[in-house]
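Asks: For reference, the structure I am asking about is given below.
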Ligand SMILES: O=C(O)CCC(=O)C(=O)O
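Numbering (our numbering), first residue to last: 10 to 259.
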C-alpha cells in the first residue's frame, strides 16, 4: 500500500526519520508489507508511512466525529470537556473524557478516548478500568486490514482523540500484565501529523517518529520493557489527530 518509495532500490529506502548510527539499530524495507522493519536495542518496530490511503483516512476522521449535535468540522471540541462530551450523540464512537485522581484531586486527561473490543476483555491502564464497547463496522474494517497485513489477531482497541497540539500523552509503557510478556501493539493514526517519541528507560537514547494521516506503527519484541513512549504537546498543531492502539488482551 505504500508507493512513496517505489522508484528506489529496496536497499536505498530509508524511513522518513533518523535512527541512531549505532550498533543494534537497522531499518529494512519490507516489500510485501510496504513498510520498514526496524530493529532497536531490545525492541522491534514496523513503520508504514501510508498504510491507509488518503481517501480511507479522510473517511475515518469523518466517521469518528459524525454526530447529531454539531457540525464536526467547525465545532470547538474544547467546549465539551468532562460530562458534556457524552451528551453529544456521536454516530459511531462513544467518546469519553476520563479523569484521574492525582494527589487527591480529579484531573481530566488532556485528550478524549474510547475503548472497544471483545466483551469479556476489560482493561486497566493508568489506574482506570475500561469496559469495552462492542466492535462496530468501521473499527472492524481497520482492525481486519492490520490483522491481515501483520498476521496478528487483536481483541481490543484504545482510541485517543487529540483535539489539537495542546492535547498529549506523557511518557509511559504499555507493559500491562494482561497484554502478555512481549505484546504486539499496532498503532494507527488519522488526522494531523504528531511526533511520537520512544526513549530508553535510562533516557540515554530517544527517537522521533512522525505519525501521519494513515501511518501504521507496530511496537513488538521486548520494546515495552526497555523503551517508554509519548506524544508531547505541539503548540503549532491546530487540528485533531486520532490514534488507535490495537492490543491483544489475554
Ligand atoms: O497517540 C499515540 O500515538 C500514543 C498512544 C499511547 O501511547 C497509548 O494509548 O498508550
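Virtual Cβ for every residue (Gly too), placed ideally from N, Cα, C.
#1: For a quick check, are the C-beta atoms of residue 51 and residue 206 less than 7 Å apart?
#2: Would you list, in sequence order, the uninterrupted beta strand (DSSP E) runs of no fewer than 3 residues that lie entirely inside the region 215 to 241?
#3: From the DSSP output, in three-state form, read off residue 22 for me.
#4: Between which two residues does the beta strand (DSSP E) holding residue 179 run?
#5: With C-beta atoms as the reference, is residue 314 less than 7 Å away from residue 222?
#6: Between residue 167 and ligand 1, is there a pair consisting of the residue's CB and a ligand heavy atom that are separated by less than 6 Å?
#7: Smallest Cα separation from residue 91: which of 108, 21 and 184?
#8: Can we count residue 178 as close to ligand 1, meaning its CB is less than 6 Å from some heavy atom?
#9: Please work out which residues of its chain come closer than 6 Å, Cβ to Cβ, to residue 53, disregarding the five sequence neighbours upstream and downstream, and give them in chain order.
#10: Assuming residue 162 contacts residue 35 (C-beta within less than 8 Å), just tell me the rounded distance between them.
#11: Would you identify the three-state DSSP class for residue 256, choosing helix, strand or coil?
#12: Can we count residue 252 as close to ligand 1, meaning its CB is less than 6 Å from some heavy atom?
#13: Starting from the N-terminal side, write out each stretch of the beta strand (DSSP E) that is 3 residues or longer and does not extend beyond the region 22 to 59.
#14: Look up residue 91 in the DSSP assignment and give the residues it is bridged to.
#15: Just the C-alpha distance for residue 71 and residue 32, rounded to the nearest angstrom, thanks.
#16: Quick one: grab the DSSP three-state call for residue 195.
#17: So who's on the other strand from residue 251, going by DSSP bridges?
Replies: Reading off the structure:
#1: no
#2: 215 to 220, 225 to 229 and 236 to 240
#3: coil
#4: 178 to 181
#5: For residue 314 there is no data in the structure shown, the boundaries of the chain being 10 and 259.
#6: Yes, ligand 1 has a heavy atom inside 6 Å of this Cβ.
#7: 108
#8: yes
#9: 229 and 230
#10: Between residue 162 and residue 35 the beta-carbon gap is near 27 Å, outside 8 Å, which marks them as no contact.
#11: strand
#12: yes
#13: Those beta strand (DSSP E) runs which fall completely within the region 22 to 59 and span 3+ residues are 35 to 39, 44 to 49 and 52 to 57.
#14: Per DSSP, none; premise fails for residue 91.
#15: 43 Å
#16: strand
#17: 170 and 199
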